[in-house]
Amino acid sequence: MGKEYPAQSGGYEKFSRQLKRAFRNTPAQTPAEMESALQKGEYVTKELEALYFLRRYRHLKRSYSI
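Numbered by this note's numbering, the letters in the sequence shown go through residues 2 to 67 in order.
Here it is in C-alpha cells:
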C-alpha cells in the first residue's frame with residue numbers, strides 16, 4: 002500500500018518513516034496486546050485496500066462510461 006502513497010504528500014519514504022515510528026511508539030506490552038494490535042493493523046490495511054480499489058473502480062467506470 003505504501004508504494005501507492007502520493008508523491009506530493011511525501012511519497013514512500015514518508016510512509017515508511019511514519020509506519021516505523023508508529024510501531025516503535027506502540028503501548029502494547031504483553032503478547033496478547035501485541036497480537037490484538039497486529040489484528041487491528043491487518044483490519045485497517047484491508048479497509049484501506051478496499052477503499053483504494055473502489056477509487057480505482059470508480060475512476061475506470063467514469064472513464065469508460067458513455
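Where is the CB? At the ideal position from N, CA and C, for every residue including glycine.
Residue i to residue j span [Cα, whole Å]
i: histidine 60; j: glycine 11; result: 23 Å
i: serine 66; j: leucine 55; result: 16 Å
i: lysine 47; j: lysine 41; result: 10 Å
i: valine 45; j: alanine 23; result: 14 Å
i: leucine 20; j: asparagine 26; result: 10 Å
i: arginine 57; j: leucine 49; result: 12 Å
i: threonine 31; j: glutamate 14; result: 30 Å
i: alanine 33; j: glutamate 43; result: 15 Å
Beta-carbon proximity check, residue i vs residue j, cutoff 7 Å
i: alanine 38; j: alanine 29; result: yes
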